[in-house]
Amino acid sequence: MMSRDILALLAFIFGSILGSFLNVLIYRLPRNESIVSPPSKCPHCGYRIHPWENIPVIGYLIVRGRCRNCQQRISLQYPIVEFAGGLVAALVIWNTGLNWAAISVIVLFYLLGVAAIVDLRHQVIPDGITLTGILLGIILSSFQSPGFNGLFRSIFGILAGGGSLYLVAVFGNFVFQKESMGGGDIKLAAMFGAFLGWKLTLIGIFLGFFIGAVFGGIYLALNRGKDDQQTVTSDEAKVDKTAMPEGNVLPFGPSLALGAVGSLFWGNSLLNWYLTSFM
Ligand SMILES: [Zn+2]
Numbered sequence: 002m003m004s005r006d007i008l009a010l011l012a013f014i015f016g017s018i019l020g021s022f023l024n025v026l027i028y029r030l031p032r033n034e035s036i037v038s039p040p041s042k043c044p045h046c047g048y049r050i051h052p053w054e055n056i057p058v059i060g061y062l063i064v065r066g067r068c069r070n071c072q073q074r075i076s077l078q079y080p081i082v083e084f085a086g087g088l089v090a091a092l093v094i095w096n097t098g099l100n101w102a103a104i105s106v107i108v109l110f111y112l113l114g115v116a117a118i119v120d121l122r123h124q125v126i127p128d129g130i131t132l133t134g135i136l137l138g139i140i141l142s143s144f145q146s147p148g149f150n151g152l153f154r155s156i157f158g159i160l161a162g163g164g165s166l167y168l169v170a171v172f173g174n175f176v177f178q179k180e181s182m183g184g185g186d187i188k189l190a191a192m193f194g195a196f197l198g199w200k201l202t203l204i205g206i207f208l209g210f211f212i213g214a215v216f217g218g219i220y221l222a223l224n225r226g227k228d229d230q231q232t233v234t235s236d237e238a239k240v241d242k243t244a245m246p247e248g249n250v251l252p253f254g255p256s257l258a259l260g261a262v263g264s265l266f267w268g269n270s271l272l273n274w275y276l277t278s279f280m
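Counting in the numbering used here, the sequence shown runs from 2 upward without gaps.
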């Protein structure tokens with residue numbers, strides 16, 4: 002029997018290697034590039050990155066955060082995602098041991114992380130993440146429970162997540178007469194539904210709206226500050242600001258992903274508190 006510490010250390014190493022694969026997904030999926038074929042290259046000069054420079058976190062430290070060929074800065078996102086990938090795996094495995102539930106939680110974390118970062122950067126959540134994620138959720142849930150229990154739990158979760166956001170989208174389109182929620186958000190909710198089951202999924206969506214409202218408020222407050230400065234300088238700026246470009250909206254995916262994580266940790270406590278306090 003392997004000690005818990007050694008198991009967690011191995012989980013960190015394996016998780017950080019998966020983290021560098023997540024970096025590949027984050028970079029290539031929104032650009033519709035193959036996630037397997039060409040080996041890693043510097044995005045600035047095309048320099049082919051050697052395997053030892055690709056060692057998670059350590060590689061970044063060895064090259065001091067710069068491309069060895071063109072000396073351009075390498076985004077801090079790379080070592081952060083690698084480290085986070087290792088940390089999530091180590092913490093989950095250290096807490097619960099190596100089992101299907103632990104693997105399911107780790108995979109869900111990775112999928113949510115990639116979806117949130119890509120949505121922040123490109124305002125799109127690739128199907129490559131959500132549809133693959135739905136499939137992984139069904140498989141991993143089936144492994145966790147005997148018979149068809151896990152499978153049914155997963156399917157109800159997909160329907161609850163995708164269905165409720167679909168209804169919100171239809172309602173939003175009707176009220177605002179423009180697209181208020183993207184198909185990517187709907188598929189993202191269906192994806193974490195496949196892992197969480199319907200109860201935690203609905204709580205996750207509720208938390209996601211709450212978090213989104215808080216972020217949206219902060220975003221508006223910050224942008225209003227900019228507005229005020231511009232109206233002082235010229236009237237034209239004021240006219241420009243009222244016609245804000247349609248693409249300039251806060252993506253909802255990151256809030257939704259945070260809501261799902263919150264529900265994973267505290268969903269059951271929230272549900273118990275609500276039922277005992279108000280029912
Ligand atoms: Zn370079």
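C-beta atoms are modelled at their ideal positions from N, C-alpha and C, and glycine is treated no differently.
Asked                                                                                          : Found
Beta carbon of ILE187 nearer than 7 Å to that of LEU221                                        : no
Closer than 6 Å: HIS51 CB and nearest ligand 1 heavy atom                                      : no
Burial state of ASP6, where buried means 16 or more other Cβ atoms lie within 10 Å             : exposed
Residues sharing a beta bridge with ARG74, DSSP                                                : ARG67
Rounded straight-line distance, which links the Cα of HIS45 to that of ALA214                  : 37 Å
Local Cβ density within 10 Å of LEU83, reported as buried at 16 or more and exposed below that : The question names Leu, but residue 83 in the sequence shown is Glu. By the 10 Å Cβ count, GLU83 comes out buried.
Per-residue DSSP class, three states only, for LYS42                                           : strand
Distance, LEU113 Cα to GLY173 Cα                                                               : 24 Å
Heavy atom of ligand 1 within 6 Å of TYR48 beta-carbon                                         : yes
Nearest-angstrom Cβ-Cβ length linking ALA116 and THR133, presumed shorter than 8 Å             : Not a contact, Cβ separation roughly 11 Å.
Same chain, Cβ closer than 6 Å to GLY248, neighbours up to 5 away in sequence not counted      : In this predicted model, GLY248 has a pLDDT of only 46, less than 50, meaning its place in the structure is not dependable enough to derive any value.
CB of LEU257 within 7 Å of CB of GLY209, strictly                                              : yes
ALA161 and LEU223 closer than 7 Å at C-beta                                                    : no
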